[in-house]
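Just below is one structure, and these are the notes that go with it.
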Amino acid sequence: MNTDVEGLLRDGMERFTEDVSAPAGLARAAASLHRRRVAIRATLASSAAVVAVSAVIAVVAVAGPQSGRAQTVAYLTSQVRQAVASENMVYVGRTTSTYGPSTVWAYGQQSQWVEYWPTADGNQVVNGQRQWDFPPQYRGQAYSAEGTVRVGGKLMGAYVIYPDQKYNLSGQLPTQGSACTTMGDLELGGPAVVSVNWKSFIEQMLACGAASTTGRVRVDGVETTKITGKPVTVRLAPAYGRAVREKWVTVRWALYVNPVTYLPVRIVGSTKTYGGSAGATISSATTNVQWLRPTKANIAKTLVTIPPGFQQVSSQAGV
Amino acid sequence: MADDPTARELEFFLAERAGRLMRTAVLLTGSHDAGQDLLQTALERLIRHWRRLDGDPEGYLLRTLYNLATDGFRRRGRLQRKLLLMRAGTQPIADPIAEVDLRDALVRLMLQLPARQRAVLVLRYWEQLTEAETADVLGWPEGTVKSTAARGLQRLRELADGWNHADPALAHVKLRGQHA
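Those protein sequences? They're chains L and R, same order as listed.
Numbering-wise (our numbering), the first sequence opens with residue 722 and increments by one.
Numbering-wise (our numbering), the second sequence opens with residue 78 and increments by one.
Next up, the structure:
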């Protein structure tokens, strides 16, 4: 190794972070996050009273003086959280988005999230911009999968990249980041509401008190109740912002729930990146949700498929 | 919060060390916001174990940061990132003569490395730890640290070469010692 490169890398890291400072209230935010997680664990221990009370507190704080509406939102979110926490069905979420489709199958600790190549061709124009180029034979094919596999009866984390025919295994199962922060999947510039663990994501999202309004909407001819989140705007990561030539991203989301079972039937998210030379770009994702009986066949789909002949590599090999 | 002794101790600790930890978290994730998210997650774990901590909280926090960063913390959406970068590559460069410093380019390239390689390089060249100290933080054998660092540096050269072709704004970037 040339020592100059080491020195340059060291200098580069200094420069890259020279304007970085820790935000005020970091300890407070971490303590608050900790308390919320403890509360969520209590909720998952099937204490319906705790669910209702914590939801009321969270949403009243957001809604302020509009107590009538706040109580309605609080009641609704508590019902949804209870329904999501207590169901024992297989979650299937099919997402269509500007960046191509993806599917999540989840049951208990098992999950499989599959990301597909877009079906659009390289010359498609979306929001006035030419889309990406990629080999046509990949169109609509699975690109990668992340989730769990069973190895010798033990549940393990797995990640597969199909075009590379490579996969890796990990002792750690996929986890869901905090929905209360403004990051989530934002850092990747993709739709905000794509998650391996939807149940956890919905649970956390509602626990954050992010929901602000409700209304009745028909989805595919069926009446649903709509919960709308507050828009969130964050600055794009500098390197990423340079690559896509934009500076800011604003995210919106909405949850549509069955008014009888209170289980989500559709999740819609959109991101708008703007502020740079590339001009504003809007991407969106719509996830249609099904809750299936936990049959053997359905549960089998909640495990990642690793085709025979694929090479197992360590994560440091880039998979 | 102010009456909570754990929080008070933590605030004292962070008043001294948060800046440096935040910079480390930004280097591990590549962005300010993701770094903040990572550090907050690590701090939440620290709070969970605060009363049971016997030794140096910074050491615990550092280990947690690196372990979170290398266990696939927010690795989903690779295809989306790839596609957006491909899309960006098809557009004219808005400012082709933008000043791109070699040091800046190296860090940008480092942020594309797999998480484990990136973590080793940050520990070695940012924290300036020895190979043995790096192995201790990550809980890996020293040989693994050595080979991972070597692969990471090698990958930097390869990626730099790829970027030279893909991004005209980086065309003038050449690493000293880079293979032809």
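Beta carbons: idealized from backbone N, C-alpha and C, even for Gly.
- Taken in chain order, the members of the stretch 726-739 of chain L whose beta-carbon sits within less than 7 Å of a beta-carbon on chain R are Val726, Glu727, Leu729, Leu730, Arg731, Asp732, Gly733, Met734, Arg736, Phe737 and Thr738.
- Under a 10 Å Cβ-count criterion, Lys1017 of chain L is classified as exposed, with fewer than 16 other Cβ atoms of the shown protein chains found around its own Cβ.
- Residue nearest to Asn144 of chain R within the set R:Trp127, R:Arg122 and R:Asp133 is R:Arg122 (criterion: CA-CA distance).
- In this structure, the alpha-carbon of Ala196 of chain R lies about 43 Å from that of Tyr983 of chain L.
- By the rule that beta-carbons nearer than 8 Å mark a contact, Pro744 of chain L touches chain R.
- Boundaries of the beta strand (DSSP E) harbouring Gly878 of chain L: Lys875 to Ile882, taken from the DSSP string.
- For the pair Val872 of chain L and Leu894 of chain L, the CB atoms are not nearer than the 8 Å cut-off.
- Setting aside the 5 residues that flank it on each side, Pro952 of chain L is surrounded in the same chain by Thr971, Val972 and Arg973, each with a C-beta closer than 8 Å to its C-beta; the list follows chain order.
- Membership of Ala209 of chain R in the alpha helix (DSSP H) is indicated by the continuous run Glu208 to Leu215.
- In the three-state scheme derived from DSSP, where H, G and I count as helix and E and B as strand, Asn979 of chain L is classed as coil.
- Exclusion of the five residues before and after Ala212 of chain R leaves Glu219 and Val222 as the residues of its chain whose Cβ lies within less than 6 Å of its Cβ.
- Comparing alpha-carbon positions, the option among L:Ile882, L:Arg736 and L:Asp941 lying closest to Pro1028 of chain L turns out to be L:Ile882.
- Beta-bridge annotation (DSSP): Asn144 of chain R is not paired with any residue.
- For the options R:Ala102, R:Pro134, R:His109 and R:His126, the alpha carbon positioned closest to that of Phe90 of chain R is the one of R:Pro134.
- Any Cβ of chain R closer than 8 Å to the Cβ of Val981 of chain L would place that residue at the interface, and such an atom is absent.
- For Tyr812 of chain L, the closest C-alpha among the options L:Gln1033, L:Trp1012 and L:Ser865 is that of L:Trp1012.
- Setting aside the 5 residues that flank it on each side, Thr945 of chain L is surrounded in the same chain by Arg937, Val938, Arg939, Tyr977, Val978, Asn979, Pro980, Val986 and Arg987, each with a C-beta closer than 8 Å to its C-beta; the list follows chain order.
- Taking a C-beta distance under 8 Å as the contact criterion, Leu183 of chain R and Ile124 of chain R do not qualify as a contact pair.
- Listed in chain order, the positions of the stretch 107-132 of chain R with a beta carbon within less than 8 Å of a beta carbon of chain L are Gly107, Ser108, His109, Asp110, Ala111, Gly112, Gln113, Asp114, Leu116, Gln117, Thr118, Leu120, Glu121, Leu123, Ile124 and Arg125.
- Under the three-state reduction of DSSP, Lys1022 of chain L is assigned to coil, being neither helix nor strand.
- Close partners of Val811 of chain L in chain R (Cβ separation under 8 Å) are lacking, with about 20 Å as the shortest Cβ gap.
- The Cβ-Cβ distance between Leu206 of chain R and Leu198 of chain R does not fall below 8 Å.
- Of the residues L:Val1010, L:Ser807 and L:Val1025, the one whose Cα lies closest to the Cα of Glu867 of chain L is L:Val1025.
- Here Tyr202 of chain R is not bridged, per DSSP, to any residue.
- Judged by DSSP secondary structure, Gln1011 of chain L falls within the beta strand (DSSP E) whose first and last residues are Thr1002 to Leu1013.
- Sorting L:Ser998, L:Phe1031 and L:Ile1020 by C-alpha distance to the C-alpha of Thr869 of chain L places L:Ile1020 at the top.
- Inclusion of Gln194 of chain R and Gly229 of chain R in the CB contact set at 8 Å is warranted, their separation being smaller than that value.
- In summary, Gly733 of chain L is buried, with 16 or more beta-carbon neighbours lying within 10 Å of its beta-carbon over all protein chains present.
- Among the residues facing chain L, Tyr137 of chain R is not included, as its CB has no counterpart in that chain under 8 Å away.
- Residue state for Pro985 of chain L is assigned as strand, using DSSP reduced to three classes.
- Note that the C-beta distance between Tyr859 of chain L and Glu836 of chain L is not below 8 Å.
- At a cut-off of 8 Å between beta carbons, Val741 of chain L contacts chain R.
- Rounded to whole angstroms, the Cβ separation of Phe1031 of chain L and Lys887 of chain L is 6 Å, and the two are in contact under 8 Å.
- Excluding residues up to 5 positions away in sequence, Trp838 lie with their Cβ nearer than 6 Å to the Cβ of Gln862 of chain L in the same chain.
- Rounded to whole angstroms, the gap between the alpha carbons of Gly107 of chain R and Leu139 of chain R is 17 Å.
- DSSP places Trp838 of chain L in the coil class of the three-state scheme, outside both helix and strand.
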